[in-house]
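In what follows, a single structure is set out as structure tokens and then discussed.
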Amino acid sequence: MTPPVVLAIAATDSGGGAGLAADLTTFAALGVHGTCVVTAVTAQDTTAVHAVHPIPLDVVAAQLDAVLRDLKPTVIKTGMLAGADVARLVAERCAGFTLVVDPVLRASTGRPLADAELVEAYRDHLIPVATVITPNTEEFVALGRPDHPGAVLTRGGNIPTENDHGTGCTFASALAAHLALGADLTQATERAHDFVAHQLTLGRDWGLGSGRGPVAHISTNSMTLNAHSMTDV
Ligand code: PLP
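Heads up: take any position in the sequence shown, counting from 1, add 31, and you land on the numbering used here.
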């Protein structure tokens, strides 16, 4: 059967932990077809964001138009948008869709990923057309504690682990995938929490990089299949 299509509008993370790597792998794990609009390329690893290269607005718009026109996603999820102009564009073109807005304001390693103008664009343009928003506590406060009917406040996982880079993106993408699969907001939130908890447990003892490692983006099945070629898992 043809799977539902979900669109992630976000940035790349060269370390494979957060951003589009998290979004697309989560979509695949949950059985929806993932499409993507790249807003920025980041050079980063488990220790820091070393560089950010925003994609020009017309190229972001062209990606968005192509996906909306041909692939017809039913659910759209936003992550790092990299600029207020992108947030306004997304608000304009994606209003009316089931829209999951994960307001990414800062990398887990510390670097700010949004300026004051982008925070304002979230508040004035994007959040008002969102179906659900998934800020963590710091983002919720920075956004002026938005009074949104579909606000799902995210906390750090309850699983003690150093390997949690990309947890926010993974949660919001799992939520988007479950909405696309027909769950209501309450069910989708519960299932997304369960998925993230499972992935955090899976990667708890991994030793990827020298900083905070990525949340696991592979599935239990692929781990079993590849067990003979893995070490230290
Ligand atoms: N998107 C990108 C491209 C990032 O680099 C980051 C953090 O570094 C995030 C999103 C947010 O990551 P997290 O899911 O860890 O909050």
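For each residue, glycine too, the CB sits at the ideal point set by N, CA and C.
This one's a predicted model, so the numbers in the text were calculated from it and none came from an experiment.
Restricting to Cα atoms, I'd like to know which of Arg137, Ala113, Thr198, Ile190 is closest to Phe171.
Start at 1 with the first residue of the sequence shown, and residue 171 comes out as number 140. Nearest C-alpha to Phe171: Arg137.
So the candidates are Val132, Glu169, Ala247, Thr66; which of them puts its Cα closest to the Cα of Pro159?
As a first step, residue 159 is located in the sequence shown; it is residue number 128 there, counting from the start. For the residues Val132, Glu169, Ala247, Thr66, the minimum Cα distance to Pro159 belongs to Val132.
Beta-carbon gap between Ala41 and Gly197 smaller than 9 Å
Taking the first residue of the sequence shown as position 1, residue 41 is located at position 10. Taking the first residue of the sequence shown as position 1, residue 197 is located at position 166. Here Ala41 is not near Gly197, since their CB atoms are 9 Å or more apart.
Under 7 Å Cβ to Cβ from Met111, same chain only, skipping five residues before and after it: list those, please.
Taking the first residue of the sequence shown as position 1, residue 111 is located at position 80. Its chain contains Ala41, Ala42, Gly50, Thr70, Ala71, Val135, Leu144 as the residues whose beta carbon lies nearer than 7 Å to that of Met111, once the 5 sequence neighbours on both sides are disregarded; these appear in chain order.
Taking 8 Å as the threshold, find out whether the stretch 173-182 comes into contact with the stretch 190-208 through three or more Cβ pairs.
At 8 Å Cβ cutoff, the stretches do not touch.
For the ligand PLP, is there a heavy atom less than 8 Å away from the beta-carbon of Ser241?
The sequence position of residue 241 within the sequence shown is 210, counting from 1. Checking the Cβ of Ser241 against the ligand PLP gives no.
Would you call Arg243 buried or exposed, if buried means 16 or more other Cβ atoms sit within 10 Å of its Cβ?
Here residue 243 corresponds to residue number 212 of the sequence shown, with the count starting at 1. Sixteen is the threshold: when 16 or more other Cβ atoms of the shown chains lie within 10 Å of the Cβ of Arg243, as they do, the residue is buried.
Roughly how far, in whole angstroms, is the beta-carbon of Ala113 from the beta-carbon of His156, given that I think they are within contact range, below 8 Å?
Here the question's residue 113 lines up with position 82 in the sequence shown. Here the question's residue 156 lines up with position 125 in the sequence shown. Contact annotation, Ala113 with His156: C-beta distance approximately 15 Å; criterion of less than 8 Å not satisfied.
Between Ala219 and the rest of its own chain, which residues show a CB-CB distance below 6 Å, the 5 nearest in sequence each way excluded?
Taking the first residue of the sequence shown as 1, we reach residue 219 at position 188. Around Ala219: Leu206, His209, Leu210.
In the DSSP assignment, the beta strand (DSSP E) including Leu184 goes from what residue to what residue?
Walking along the sequence shown from the start, residue 184 turns up at place 153. Leu184 -> no beta strand (DSSP E), and no H or E assigned at all.
If you measure from the CB of Leu130, is any heavy atom of the ligand ZN nearer than 8 Å?
What this structure holds is the ligand PLP, not the ligand ZN.
Below 6 Å CB to CB, which residues in the same chain sit around Thr129 once its five sequence neighbours on both sides are set aside?
Stepping through the sequence shown from its first residue, residue 129 is reached at position 98. Here Thr129 has Val106, Thr162, Leu210 as same chain residues with Cβ atoms under 6 Å from its own Cβ, once five neighbours each way along the sequence are excluded.
Skipping 5 residues on each side, what residues in its chain have a beta carbon closer than 7 Å to that of Thr232?
In the sequence shown, the residue the question calls residue 232 occupies position 201. Only Ile190 meet the Cβ criterion.
Taking Pro35 and Thr66 to be in contact with their CB atoms under 8 Å, please state how far apart those CB atoms are, rounded to whole angstroms.
In the sequence shown, counting from the first residue as 1, residue 35 sits at position 4. In the sequence shown, counting from the first residue as 1, residue 66 sits at position 35. So it is not a contact: roughly 11 Å between Cβ atoms.
His209, enclosing alpha helix (DSSP H) - first and last residue
Residue 209 sits at position 178 when you count from the first residue of the sequence shown. Element bounds for His209: 198-211.
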